[in-house]
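Numbering (my numbering), first residue to last: 2 to 277. Worksheet for the structure shown next.
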Amino acid sequence: MARVATNKTLQQAKKAKSDEFYTVLSDIEKELKHYREHFRDKVVLCNCDDPRVSNFFHYFSYNFERLGLKKLITTCYKSQNMDLFSRHDKEEAIYLEYEGDKNNNKIPDIEEIGIKSLDGDGDFRSDECIELLKEADIVVTNPPFSLFREYVAQLIEHEKQFLIVGTWNAIAYKDIFKLLKDDKLWIGINSNRNFSGFIVPKHYPLHGTEARTDEDGNRIVSSNNTCWFTNLDNSKRHEELILYKTFDPKIYPSYDNYEAVEVSKTNEIPLDYSGL
2 MARVATNKTL QQAKKAKSDE FYTVLSDIEK ELKHYREHFR DKVVLCNCDD
52 PRVSNFFHYF SYNFERLGLK KLITTCYKSQ NMDLFSRHDK EEAIYLEYEG
102 DKNNNKIPDI EEIGIKSLDG DGDFRSDECI ELLKEADIVV TNPPFSLFRE
152 YVAQLIEHEK QFLIVGTWNA IAYKDIFKLL KDDKLWIGIN SNRNFSGFIV
202 PKHYPLHGTE ARTDEDGNRI VSSNNTCWFT NLDNSKRHEE LILYKTFDPK
252 IYPSYDNYEA VEVSKTNEIP LDYSGL
């Protein structure tokens, strides 16, 4: 019941167009370790990220050399001070470019991070942010759940590789399901219970017994309804799926409005059925 309460919070946030759920660093590390070979000499874009709180920015900037990145680009909203960042509540939008450690201290210093102003508000759909998208090879972020369909459609339109966080419910979206069916998108390594949670602002209630405050003071809510969506190859896609069930129309009913049969569990997929 604890995580059900949190899922309700996530859905309420979606309806309210409030998407201030930030990904925990350990969840990023746990997933990204499976894709290390994809990032060498690549430009990475995090286009829904406030560097002050974004653990995506932290992960890629501190692991820039280890991953062999070419460039890291982050778009966000800008405070009046060059070293303070916020989200959707300041006058000037900016983007950051980081091309690695220059002084050999193994830390992404503010002097090494190129901070540039945007003409618009930093929306990922704006023309100038789309130009940054065109420069990128791989997009990695936690996009607004309320704009998930539109966000994925933009990635597909521009033929970008990506690894993004989303709600498990997105699998049932018509356009997302089609991408899954056409093998243009798939689920990442970790999902649901393998997510430790999301960092939320102070005004969000901490629902459920698994909600907590960590040693750094971050307020974290847990969810069993979250997964990674990607078009980067990973080991999970090549695991052999051992099937043992045979098709029986009495066990696998057909849908009335779609030419497909219902299978409640992955390991119950009939081995002798080739349709949907």
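Think of the CB as a built atom: it goes at the ideal place given N, C-alpha and C, for glycine as much as any other residue. Every value quoted in this text rests on a predicted model; they were computed, and no experiment measured them.
Assign residue i to one of two classes, buried (16 or more other C-beta atoms within 10 Å of its C-beta) or exposed (fewer than that).
| i | result |
| --- | --- |
| Ser62 | buried |
| Met83 | Unreliable placement is indicated for Met83, whose pLDDT of 39 sits below 50; no coordinate value is reported for it. |
| Leu277 | exposed |
| Pro254 | exposed |
| Pro202 | exposed |
| Tyr256 | exposed |
| Tyr259 | exposed |
Per DSSP, what kind of secondary structure is residue i in: helix, strand or coil?
| i | result |
| --- | --- |
| Lys117 | strand |
| Val25 | coil |
| Asn282 | No answer is possible for residue 282: the residues shown for the chain start at 2 and end at 277. |
| Ile74 | strand |
| Tyr60 | helix |
| Cys130 | helix |
| Lys18 | Summary for Lys18: the model assigns pLDDT 40, below 50, so the residue's position carries little reliability, and this model does not support an answer. |
What is the rounded straight-line gap between the Cα of residue i and the Cα of residue j?
| i | j | result |
| --- | --- | --- |
| Leu97 | Trp229 | 24 angstroms |
| Asp215 | Phe146 | 24 angstroms |
| Ser27 | Ser223 | 13 angstroms |
| Ser80 | Glu93 | Below a pLDDT of 50, predicted positions are generally treated as unreliable, and Ser80, at 44, falls in that range; the measurement from the model is reported next regardless. Using only the alpha carbons, I get a separation of about 7 angstroms. |
| Lys103 | Glu66 | 11 angstroms |
| Arg126 | Leu134 | 10 angstroms |
| Ser118 | Asn195 | 37 angstroms |
| Asp42 | Thr247 | 47 angstroms |
| Gly48 | Asp273 | In the sequence under discussion, the amino acid at residue 48 is Asn, which differs from the Gly named in the question. About 44 angstroms. |
Comparing C-alpha positions only, which one of the options sits nearest to residue i?
| i | options | result |
| --- | --- | --- |
| Pro251 | Val264, Glu240 and Val45 | Before going on, a small fix: residue 251 reads as Lys here, not Pro. The shortest C-alpha separation from Lys251 is found at Val264. |
| Pro206 | Gln162, Asn219 and Arg194 | Asn219 |
| Lys31 | Ala212, Gly198 and Leu272 | Gly198 |
Starting from residue i, trace the alpha helix (DSSP H) both ways and give me its first and last residue.
| i | result |
| --- | --- |
| Ile270 | Counting along the chain, Ile270 falls outside any alpha helix (DSSP H), and DSSP gives it neither H nor E. |
I'd like the span of the beta strand (DSSP E) that includes residue i, first residue to last.
| i | result |
| --- | --- |
| Tyr96 | Glu93 to Tyr99 |
| Ile1 | Beyond the ends of the chain as shown, which are 2 and 277, falls residue 1; an answer cannot be given. |
| Ile188 | Trp187 to Ser192 |
| Arg41 | Segment: none, Arg41 is in no beta strand (DSSP E) and carries neither H nor E. |
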